[in-house]
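The sequence shown runs 135 to 233 under the numbering used here.
Glycine is no exception: its CB is placed at the ideal position from the N, C-alpha and C atoms.
See structure below.
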Amino acid sequence: MITLHEVHEQGSEAVKAAVLAFGARHPLNGLRAEPDWGWAEKHFTSLIETIMGTAAPLQDSAAATVHRAKNEAIGFLLAVNTRPDYHCPICVKRHRHPL
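As C-alpha cells, then:
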C-alpha cells in the first residue's frame with residue numbers, strides 16, 4: 135500500500151500541500167507543533183482500508199481495488215485541504231480529538 139511519504143514525493147504541488155495539511159491535523163502530543171507522521175500515516179492507511187471496505191465490489195484485481203482506493207483517499211485529501219476546520223475522519227471515528 136502507498137504511504138503518505140510516497141504520495142507526497144510523487145504528487146503535484148496540490149497533492150504535496152494536501153499531505154502536509156493532513157499531517158498538520160495530527161500534531162505530536164495533541165499540540166500545534168510538528169506533525170506526528172506515524173499517527174497521520176496510520177490514519178491515511180485506515181482511510182484507504184475504509185474506502186476499500188465500503189466500495190461496491192467490482193470484478194477488478196486486488197491491485198486495481200487498492201489503486202482505486204488510494205486515488206479516492208488522495209482525492210479526499212485534496213477536497214478537504216482548503217478547509218481549515220475539517221477533522222480527520224479516522225480521528226473522529228476513534229474519538230481522538232484532532233485539530
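Quick check on the DSSP output: the alpha helix (DSSP H) that includes Glu175 runs from which residue to which?
That run of the alpha helix (DSSP H) goes 171 to 188.
Check the C-beta distance from His142 over to Cys222 and give it rounded, since I have them as a contact under 8 Å.
Between Cys222 and His142 the Cβ distance is about 17 Å, and since that is not below 8 Å, they are no contact.
Who pairs with Pro161 in a beta bridge, going by DSSP?
Answer is Pro169.
Which value, in whole angstroms, describes the spacing of the CA atoms of His139 and Phe178?
The straight-line gap from Cα to Cα measures roughly 11 Å.
Can you tell me the Cβ-Cβ gap for Asn215 and Ala174, rounded? I've got them flagged as a contact below 8 Å.
Asn215 to Ala174, Cβ: 14 Å. No contact.
I need the straight-line Cα distance from Ser195 to Val149, nearest angstrom please.
Roughly 26 Å separates the two Cα atoms.
Need the endpoints of the alpha helix (DSSP H) that Ile136 sits in, please.
It is not in any alpha helix (DSSP H) - Ile136 carries neither H nor E in the DSSP assignment.
By the DSSP assignment, the alpha helix (DSSP H) with Thr199 in it spans what residues?
That run of the alpha helix (DSSP H) goes 196 to 214.
What does a CB cutoff of less than 6 Å around Pro232 pick up in its chain, not counting 5 residues either side in sequence?
Annotation note: pLDDT 49 at Pro232 (below 50); position unreliable, coordinate value reported separately. Cβ within range, chain order: Arg159, His221, Cys222, Cys225.
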